[in-house]
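Chains as they are written, first to last, in the working numbering: chain A, 1 to 571; chain B, 1 to 74; chain C, 1 to 444.
This report refers to the structure that appears directly beneath it.
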Amino acid sequence: MNTKQHITLSLTVSLTAALLSCGPAQHKTSSQRSAGIGPGGTGDAASQTNAGVSSSTAAAAAAAAAAADQARALALTGCYKDYPAAQGGLRSLSNDQIANVLTDITGVDLSTILAGLPRREQGTKFPNAALAGPLASSFIDKWADTAFSVAAALAADTGFIQRFGGNCVDAANPACVQRVIKRLGTLLWRRPVDPSTAAQLADLFKNPNVSGAPAFALGVRQMLEVALLDAHFLYRIEAVRDPATVIQPLDTFEVASRLSFFIWQSAPDLPLLMKASSGELADPAMIAQEVDRLLLDPRAERGFRQFAFDWLALGKLDALKLPAATAGTKPVSFDAPALREQAFSFLTANLLRSSGSVQKAFSSSVPNQDPSLVGLLALPGVIGGLSVADVTNPVKRGLFVNVRLLCHDVPPPPPGAGAFKAETLALDVTPRERLDKHLTNPSCATCHTTVDAIGLSLESLDAVGALRSQYSSRKNIDASGVLTFDGQAQPFKVTAEMLKILGQSKDVQTCLASTLAEFAWGAPPGTANTCELSSLPQPGAATNVNSWSGMVRALANTPTFLQRINDGVKP
Amino acid sequence: MKRVAKERMVLLLIGALCVPLTSLMRGSVARADNSTQAATTVLQPPAIRIVKPTVAIDPKDFDGFVPAPVAGGK
Amino acid sequence: MSHDAKRPSRRAFLRGAGNALIALPTAQFCLGRSGFGDVLAAPGDPTAPMGQRLITFYFPNGCQGEEWNYGSVLTPLADMKDKLVVFNGIDNPLTPASGRDPHEQGAAALFTGALLKSGNHGTGISIDQWLSRRIDMGTTLQKPLVAGVWRGYAGGEFRSPTWFTRSWLEDGSIVTPTIMPQDIFKLLFGAGQNQAQQTQEMLRQKSILDRVLAQHSSLLGSASPLPASHKLLLQDYTDRLRDVEVRVTKFAMASAQTCALPANPAAFKFDGGGLLDYGDFDEVFHLQMDLLVLALQCGVTNTGSLMFCCAGEEYQNPDVSGASDHGTSHYSDEGGHQVYLAYRKYHMTNLRYLLDKLKAANLLDSTVVIAGSEFGDGRSHQVDPQPHLIAGGGGTLKVGQVFDGGNKVTNCDIYRTVLSGLGYQMDSFGNKSFNTGLIKQILA
């Protein structure tokens, strides 16, 4: 072979080799490198496109634009076009989440300090969606105050210093300082601390201007103050990596936070953060594994309780005030925390674990309750609070069931409809007689046939859920009615029958699934991605998604949960 | 000696070209992938993408770190 | 970022003629900002006259027009009538225009003359916020003291913040009231330690806040990986933190107070967090009124907003009745009616308390107190007349009269007229189309 042939052969061989070895990577999930968005670092939005060659050529630019259009078009097909728009929002932590994160990370009881945080009721079913709004200045004033107090309390706790400082609590030792900064920053901000930020934070351990305080503890205190006041603590921040596309990938740390805040109502723990750090969490199989681990952790029960508390508005019990016993009347005992705890126990036993189910939640017997009344509506902790003082309100109750358990969208009454004021009810008129007007007036009847049928049947349960057959006026309670599900009219004579019909309806199952989806996706009520929901395994007696745990597993695996919308781009 | 050096140079040159060439290839193959996807899978959304981070947690920072004990469900 | 370079200019900004003082100094994009520019005084205008004070006072569930007089619910104020202007026949066109709940919109129109937007936003600044921008006396709290009590629970749900907001910023964002007296105390007087310790601690806190604000630049600048809507929210958070930093700086720089700090800060500590009991409303609200008057006395602030209950609150005071405020506003018999009136009178005794305190501190004549509620007759949520009352007058209003607006004069007109009396001329206040003109009869 002469030189020319040699060269030709070499060229051919090496070109072929080049094509084979430098060819397109076969990734199951296409991976792009992203920089951290920790404090001091900037997101690397530029390192995106697969066309690694410089885009200065017109062809490359046109191709990139075409790819973006294509991505946008693809995004609008299938269930992606039903993505709830609010799901892409920035979220602040709720007061409960703040408390959970601090308790989990520090192990110190900060409840007294945190109790001073102002309430942030937002008038929505779940705080999730509302946490996407701006924070009131009165809250931030108090938050700043709280952050300084928490930092002082933690820095004064020797156990805390020992845990985070370890055997290295010397403020003059740069390695010790960097380590404690990284430990606190990583856990409180839920991602690694950008190296340049960590270097700057070392200043907090130098030249303390508070004389007499041990330098390391003061440094820790100041680091905590910075960590808590920085937006990366109070907010769950998710970066835009692909500015042109509608559907955005998350990075593994963002996925870790979504998982832990959904299942635990708290920050990811160190094992979860390490799986994110190594990149393992980009693999759906690893995500499923972590979901299982999170569900088995005691913190899952806390997350479930938060869901139950919000779903069934169990906070309303605190607003219920029963009149003190007066002469001649039966005293009404009411212990809101105990009844709430009873409701939690019931729901945990019947709904949380994989052995639980929606059916069980609606059919299991309730302790200290008449045996004919079963399911969660028979819990005093659930039915209580839907009254004003000791006078039950059938409209409120009917509305509660319709909105929260059946996911029926009940519009407000027309203006001038008047209000059902239980306290001003004439004593000799039963609620059923008084509400008859709802059924004769067609503009009322559309909603009120279902609302009142349920509410009036629940009149058998007094303000604290005890079974009764008569009002205090000695008039009998008529708990009969008709419910229509799937076009089928189902009459009932007593409350127990009504509860059974309700519990067995498909509506109640699908409602719980979409309610949990809203909770998981942070979407306002009624805006769940119904397309994606219907593609999930449906809750049902024979499925493994019938319990809360089962539904959580299914939801944590959906594109709606593991990705987000770039709300800067209009589809 | 000279011949070997020449061949080596040629191979080196080819190697040097490999990087931008194959990036172009990757890009064009990727685009080709997209277009085949577009033709046959309009109704199937793209696979879930999750991005791996560039800044990692240094495990040495947590050497000997004992996390706070988990509080049981309240 | 060099903090030293920032400090002198900020100090000069704060101590100078701060007519253009804005609480969101770097916000180029505000949440839903709308049409504020024409109302703001231009830089270089003369400083607002000293001694202008304004307080807004809210009570819930309205009052019927025929009872808004000294013979009925205003009896507790009757012997002060020469210091008051009672407004009958005031039209509120905003509630029908918005289509939202009359409790919610009626209360939101109070002191703003503006409509609610969708969600939790209004579209107009409230009169207390408006005035606070024009008065810079080097006060520590460079904005109104916004205080109130509420539970905000009704019908199985908690109310959204539009129901318990009475102080609004020009971009429509809400300023929810601070409840706990000890929190208010801290806002006004800092930690109350000795001055040297306070200065040292405040300087330390200031440097921490400065560092955090600098760290946010990566989230807010052009290289930020966040979409515009997220940057807006974080900018808002950052600006609020900057407000805290400004206040902390002022505490650090403050010289001796012009009046004595309360000797017993512990008297203002109220135990109990979370949901305030109705039974505690009275005590907490009185502590809030005490603190507000104290703050005015010490020149810590010049403006305040007091809110007793959220709109439509089911408030219950056992000294008044076992029935609730909102419940009896829907009375169906004379018994219920009397309870409803008794609740109005109770609210007026609270107002009386405030006025007496102001008088004892020699501040009543130089303060404008505007009191009001969401609508007229609670039974039908009758929008008009919207009850209003002015006390004090600041020396610029003709007090000692009862004014009847004939259901033509609007709430916007009242707020515009008040500001006109204080020397601020403008074409309208709040929603332009609902201004009918200055109320010349009440201008001195």
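Where a beta carbon is used, it is the ideal one built from N, C-alpha and C, also for glycine.
Bear in mind that the values here come from a model prediction, so they are computed numbers and not experimental data.
Neighbourhood of C:A342 by C-beta, 7 Å cutoff - its chain only, sequence neighbours within 5 removed | V320 and S321
For A:G303, I'd like the list of residues in its chain whose CB is within less than 6 Å of its CB, leaving aside the five on either flank, ordered along the chain.
-> I263, W264 and Q265
Excluding the five sequence neighbours on either side, which residues of its own chain have a C-beta within less than 7 Å of the C-beta of A:D96, listed in chain order?
-> Q265 and Q306
Does B:A68 have its Cβ less than 8 Å from a Cβ in chain A?
-> yes
Excluding the 5 residues preceding and the 5 following C:T238 in the sequence, name in chain order all residues of the same chain whose CB lies nearer than 7 Å to its CB.
-> L213, H216 and L220
Does DSSP classify C:I90 as helix, strand or coil?
-> coil
Identify the continuous beta strand (DSSP E) that holds C:M307 and give its terminal residues.
-> T303 to F308
As assigned by DSSP and simplified to three states, the class of C:T178 = strand
Which of helix, strand or coil DSSP assigns to C:Q386 | coil
Step through the CB atoms of chain C and report whether any lies within less than 8 Å of the CB of A:L154.
-> no
Please say whether C:D384 and C:G378 have beta carbons closer to each other than 8 Å?
-> no
Would you give the residue range spanned by the beta strand (DSSP E) that A:Q563 belongs to?
-> Q563 to I565
Does any C-beta atom of chain B lie closer than 8 Å to the C-beta of A:A282?
-> yes
If we cut at 8 Å on Cβ distances, does C:I208 have a partner in chain A?
-> yes
Which of the three DSSP states, helix, strand or coil, is assigned to A:I287?
-> helix
Determine the DSSP secondary structure at A:S357, reduced to helix, strand or coil.
-> coil
Ranges of the alpha helix (DSSP H) found wholly within the region 422-477 of chain A, counting only runs of at least 4 = 431-440 and 442-457
Quick one, which of A:I105, A:P214, A:G88 and A:D507 has its alpha-carbon nearest A:T186's?
-> A:I105
If you follow the alpha helix (DSSP H) that C:Y343 is part of, which residue opens it and which one closes it?
-> E334 to A360
Integer Cβ distance of A:T340 from A:L373, believed to fall under 8 Å | The residue asked about is misnamed: residue 340 of chain A is Arg in this sequence, not Thr. Incorrect: roughly 19 Å between the Cβ atoms, too far for contact.
Quick one: give me the first and last residue of the beta strand (DSSP E) that C:T56 is part of.
-> R53 to Y58
With a threshold of 16 other CB atoms inside 10 Å of the CB of A:T440, please say whether the residue is buried or exposed.
-> exposed
Could you please give me the residues that DSSP links to A:A485 through a beta bridge?
-> The question names Ala, yet the displayed sequence has Phe at residue 485 of chain A. In DSSP, A:F485 forms a bridge with A:Q488.
Would you give the residue range spanned by the alpha helix (DSSP H) that C:D413 belongs to?
-> N411 to G421
Could you tell me which chain C residues have their CB closer than 8 Å to the CB of A:K182, listed as they occur along the chain?
-> The premise fails here: A:K182 is roughly 16 Å from chain C at the closest Cβ pair, so nothing lies under 8 Å.
A:K275, enclosing alpha helix (DSSP H) - first and last residue = L270 to S278
Beta carbon of A:A136 nearer than 8 Å to that of C:T112 | no
Counting along the chain, where does the alpha helix (DSSP H) carrying A:F233 start and finish?
-> A231 to L234
Who are C:V149's beta bridge partners in DSSP?
-> C:F308
Which value, in whole angstroms, describes the spacing of the CA atoms of A:S354 and C:L131?
-> 60 Å
Which partner residues of A:Q248 appear in the DSSP bridge assignment?
-> A:R564
Excluding five sequence neighbours on each side, which residues of the same chain lie with their C-beta closer than 8 Å to the C-beta of C:G400?
-> K81, D82, K83, L84 and V85
To which residues does DSSP link A:T392 through a beta bridge?
-> A:S387
Answer with yes or no whether the minimum CB distance from A:F253 to chain B is below 8 Å.
-> yes
In the structure shown, what three-state DSSP assignment does A:V410 receive?
-> coil
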